[in-house]
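Chemist:
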Amino acid sequence: MAIRNLRYEGDEILSKRAKEIDKIDDRLKELAQDMMDTMHKFDGVGLAAPQVGILKRIIVIDLYEEGSQYILINPVIIKEKGEQLVDEGCLSFPNKFGKVKRPKEVVVEALNIEGKKVRIKAKDLLAQALSHEIDHLNGIVFVKKVEPGTLETVTPEARNEKK
């Protein structure tokens, strides 16, 4: 598979609403695998198609635990519960981090890569990742949701020191 080029802050595609997917074919499956490979290359937890320049409603998520990889087509949050204030970053906004209010729990309905309807009940990090990536599909980027005064730019060197 291939590593796709990421789109970065200022690219207008990141502020556009992605289109519903009506057909799951080999090209879409290849896109999904490319997105997963691209996300892994950049150590991301999630990636939405607009971040690789494709206005389609598909996201990938990997929490790097057994059974925590997701490829979701046309995902929709149908229920939210609670609230969490989380540290967040984004592959399209390298080195930028801030605190964002996200739901503590979500229920998401989507299609999997085989076209079967799935329902995911998620909390904590998975709920955060789903909310973040579904926002991307709606043209909403995390820096628009950051709590005032919490957005900071951290150099890669400084991030490595924190690890």
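If you count the sequence shown from 1, position 51 lands on 1186 in our numbering, and the numbers rise without skipping.
By construction, the Cβ of each residue, glycine as well, lies at the ideal position given by its N, Cα and C atoms.
1) Report all residues from its chain with a CB closer than 8 angstroms to the CB of Glu1218; omit the five preceding and five following residues, and keep chain order.
2) For the putative contact between Leu1260 and Leu1198, defined by C-beta atoms under 8 angstroms, what is the C-beta separation to the nearest angstrom?
3) Pick out whichever of Gly1179, Leu1246, Glu1215, Tyr1143 has its Cα sitting closest to the Cα of Gly1188.
4) Tell me, which residues are paired with Ala1245 by DSSP?
5) Spell out the partners DSSP gives Val1211 in its beta bridges.
6) With distances taken from CA atoms, which of Ser1203, Cys1225, Leu1272, Glu1244 is nearest Asp1178?
7) When you compare the CB positions of Asn1209 and Ala1245, do they come within less than 8 angstroms of one another, or not?
Modeler: Considering the structure as presented:
1) Stepping through the sequence shown from its first residue, residue 1218 is reached at position 83. The answer, listed in chain order, is Lys1236, Arg1237, Pro1238, Lys1239.
2) Indexing the sequence shown from 1 puts residue 1260 at position 125. Indexing the sequence shown from 1 puts residue 1198 at position 63. Contact holds; Cβ gap of about 6 angstroms.
3) Position 53 of the sequence shown, counted from the start, is the residue given in the question as residue 1188. The shortest Cα separation from Gly1188 among Gly1179, Leu1246, Glu1215, Tyr1143 belongs to Tyr1143.
4) Stepping through the sequence shown from its first residue, residue 1245 is reached at position 110. DSSP output for Ala1245 lists Val1253 as bridge partner(s).
5) Here residue 1211 refers to the residue found at position 76 when the sequence shown is read from its first residue. Paired residue(s): Glu1244.
6) In the sequence shown, residue 1178 corresponds to position 43, counting from 1. The shortest C-alpha separation from Asp1178 is found at Cys1225.
7) Taking the sequence shown and counting its residues from 1, one reaches residue 1209 at position 74. Taking the sequence shown and counting its residues from 1, one reaches residue 1245 at position 110. Yes, they are a contact pair.
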